[in-house]
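Numbering (UniProt numbering), first residue to last: 1 to 1114.
Cβ atoms here follow ideal geometry from the backbone N, Cα and C, with glycine treated the same way.
Reading through the structure tokens given below for one structure.
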């Protein structure tokens, strides 16, 4: 789109093209306006007084234009500079990233006005540079394609055009990077001047008004002229470079020296704190030199911007949070020490084309490497790479530009980070490892080395195990990454027995599966926090072993039997770590499975009927809420993952509470989104189960043993014909039929009551080919399989499965002794460059709809997808041939696509309009039963103080994860951007869930300590009622909470993170709406409070009087 925009631009004169046009069906949306630009500046807003400070300013523009397009929800700026050494610049930003637009009228020139637009973005726009300028080519470029994603180095005259800067990346530009002309990562305010006639000016302002971010300069009193001395002092390289030195000097003697420096630099990297020594010094002045400093600084990450006039109040507010939390045990870095033994606090850095973003440490599940080097836990760093708005999108142009010159551009920036490291204050972090899961997430592990203490990257890698025999770089990296799998330690295993794999005709029927005792499986379940579970299989990591251990009736105590296929490398470690246990999960269909099932003979009407019923159930979730405990209800899993005890609250009569209703609306929205955009249909007569092998070879080829035990139900052995598949499934042969049978060998007597349950057992008898391998090339090292015994979902046609033998891997040259770190780093970049699995699957989905899953094009794409999956082990990249690149798409993939008549199109159109979260509006409901109860003023005071602190911490989570209050409590992500759903869902299951649990635990502990300190009072219900009253009663909120809340004014934009944005007529001085979830940290206590007999009696006496306003407030 950007290239098309550039090529279509007409330059010259003061001509402005203004039009508002949304575009008809199939028609590309046109620009709402496009105006010529005379001058351009990039910098930041400084206050008080409100002043734009440009770091770069030029009036030497040959051709420049600014445009806005509502159809594509983007703003574009393109400039050609007079300076021949500066490449053409194109910036594009999503409209939702525009925080503020300030308009000033400067001078009159006849019928024209000099108009200044100052635009502030919440994050840097995407920038592109002229490829032809960056490296002249002998061969011509394709017509219209000459821009590639760029970094700040592309506009840095201190760095030659064909070289990269061999210096570590850092959150504040240092070394040669401090001379970059335009520091896009730190300067997020752009200023444009244009000469416009009155009609065009008014039309532009009318268009910008639609963004609800426009301020008139006359009203805002924003200074657009700048003081040259201020400009030079704030933007000179020597000033910027002195920040790190200032922090090092100031915190040299501090007990939390590095943590404080890290957090200061993190605030700068996010644009919360200006990149200037004066701003840093001012904040340092207010943040007391104490053990509390790191915790106070972490709290400030909730802000969008920390102005000079806000610092003192914001710091006092942050300190109040930690006064409320006084009594918590913390370590030197200010982290709580009462974490479970398998959890850690881990710092995270995200590298984008323009920024090095430092995030405060969050709670994560640990891994074997960090447990082994526990005393150096603070030295580990998780680093991810992406674009400003998420995952880095690698296209053919970026690949080609990197092939031509790997020393410049976005991928070169990643190489620099891997090869040169990341400098954060006094520490230089270096690359450690990146395994298969990290590669898929575009992330890696780095460490800060301390050679004097025997802690270096080489020593840590050597301690992991012996990888010397592996000559395939991809496999080497993958094997090393196994040590970083998130696991919970179970115990050390001293008795390990080797048993042989079962092989027939070149196929391994026990690939990745061994055995353990029932006792050890129970210990694994307990380690995962499920002490009552009795799993039949567990997914583990143990030294150099990877795979599944299935319960064997002949093993006792902590005995383990492993097979050669489980051994990936040699290791001295005997620690057993568990990742998952076998459990019952309902089967779900998705677009891939539905497309293939339809192709193989299942009528389309079956899927339409199933989805229609589920849509009805979901839309009536509030009316049939009692069914949520039914294991077959679509919403059961989501309601179980909510932070609210939904059923208990409903039974206690809290159905009208806004938080509960909004949580239910979030759950409803996510379920409907999953149905519309993923066709995620639940199948009640089916299950999603971990696969294991028949150790006694009693099952015949094509037979399976499948027994399920749903929560709250009875154990049931499935018999008869079943459709079975494994995701992803693209080839028609990926879906097969199997016969589920019962057998005497699976009797309770033989298995001592622990016969296989909630697993699918596959035959190990000789056959044409083992069934798991037929199913998308599956094995038994942790793969899950979908088993369907629903009669309507049995396929009519069977097709031959695809051959999933991987391609020959790429090995290091014979003259090279072994794989080295440089090889791994380069493979990391090559993986990001060639990570096309998602693209191949997307094209296959479209081609299957346009053609047929059995069409040669679709079969070729299925093979490419298999090769892409194996890329992390073979190192062989996948290239998509030109004839397979898709030009048309169905409506369920693209808004302007053709109307698909096939099953996926029919299902997609069942849900209209597209599901969106719409929170409950209007005044808050106040439960009269809780309002009438008398609570001592001491409780109300403490609850008010605690609510203020809680709200600040919750705002931080809301901002960090771009989620509203109801989403956090519902445990779901309903982002409008479906491309980001996977990473957001992952965050909800991991860091978000951990953070919410920690937040609830913190404030419950605080309340418990307060109550215990009151003479003769140990009932938490009184404190819970106080929390409810200071949250929901206006007078009590004003008296006990708002006195602390002045610092929260505007701290988080309501339109982005609140459940309910500010009304259109409200002005910027109105505080954001109050958060309402605080009292529900004690939801169980509140439920007990209103069901107490005494309370019921009080309610009968006082309810009527309260409604008439005759009951005095406490």
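With respect to the 8 Å criterion, residue 588 and residue 853 are not classified as neighbours on the basis of their beta carbons.
Taking the Cα positions, residue 579 is about 50 Å away from residue 67. Residue 700 sits exposed, since fewer than 16 C-beta atoms from the chains shown fall within 10 Å of its C-beta.
When beta bridges are read from the DSSP output, residue 690 appears opposite 759, 784. DSSP, read as helix, strand or coil, puts residue 961 in helix. Residue pairing of residue 798 in beta bridges, as defined by DSSP: absent, with no partner found. Looking at 764, 130, 472, 69, the one whose alpha-carbon comes closest to that of residue 874 is 472.
Around the beta carbon of residue 695, a 10 Å sphere encloses 16 or more other beta carbons of the protein chains shown; the residue is thus reported as buried. Annotation for residue 824: the continuous alpha helix (DSSP H) segment containing it runs 821-833. Along the length of the segment 836-862, whole alpha helix (DSSP H) runs at least 4 residues long occupy 837-850, reported in chain order. In the DSSP assignment, residue 1084 is bridged to no other residue. Residue 45 and residue 63 have their C-alpha atoms roughly 26 Å apart. Each residue's CA atom was taken as its position, placing residue 204 and residue 74 some 15 Å apart. Here DSSP, grouped into helix, strand and coil, assigns residue 40 to strand.
Look at residue 709 here: in three-state DSSP terms it is coil, with no helix or strand label.
Counting only the Cα atoms, residue 678 lies some 11 Å from residue 670. Note that the C-beta distance between residue 829 and residue 880 is not below 8 Å. Under the criterion of beta carbons closer than 8 Å, residue 189 and residue 114 do not qualify as touching, at roughly 19 Å. Excluding sequence positions up to five before and after residue 942, its CB lies within less than 6 Å of the CB of 1010, all in the same chain and listed in chain order.
Cβ neighbours of residue 438 within its own chain (closer than 8 Å, five residues either side excluded): 444, 445, 481, 484.
Of the residues assessed, residue 379 falls on the buried side of the cut-off, its CB having 16 or more other CB atoms within 10 angstroms. Setting aside the 5 residues that flank it on each side, residue 747 is surrounded in the same chain by 755, each with a C-beta closer than 8 Å to its C-beta; the list follows chain order.
Residue 74 has 69, 94 as its beta-bridge partners, per DSSP.
Around the CB of residue 586, 16 or more other CB atoms lie within 10 Å, so the residue is classed as buried.
The continuous stretches of alpha helix (DSSP H) do not include residue 348, which lies in the beta strand (DSSP E) extending over residues 343-351.
An exposed status is given to residue 396, since fewer than 16 other beta-carbon atoms sit within 10 Å of its beta-carbon. Listed as beta-bridge partners of residue 554 by DSSP are no residues whatsoever. Judged by beta-carbon spacing, residue 966 lies within the 8 Å limit of residue 663, meaning their Cβ atoms are closer than that value.
As computed with DSSP, residue 561 is found in a beta bridge with 497, 515. Relative to residue 302, the option among 288, 271, 183 whose CA is nearest is 271.
Within the DSSP secondary-structure output, residue 395 pairs in no beta bridge.
The continuous stretches of beta strand (DSSP E) do not include residue 87, and DSSP gives it neither H nor E. Looking at 94, 128, 130, 112, the one whose alpha-carbon comes closest to that of residue 121 is 94.
Contact annotation: the segment 765-783 does not touch the segment 708-719, with fewer than three C-beta pairs closer than 8 Å. Distance check between residue 351 and each of 422, 318, 306 places 422 closest, using alpha-carbon atoms only. When DSSP states are grouped into helix, strand and coil, residue 926 belongs to the coil group.
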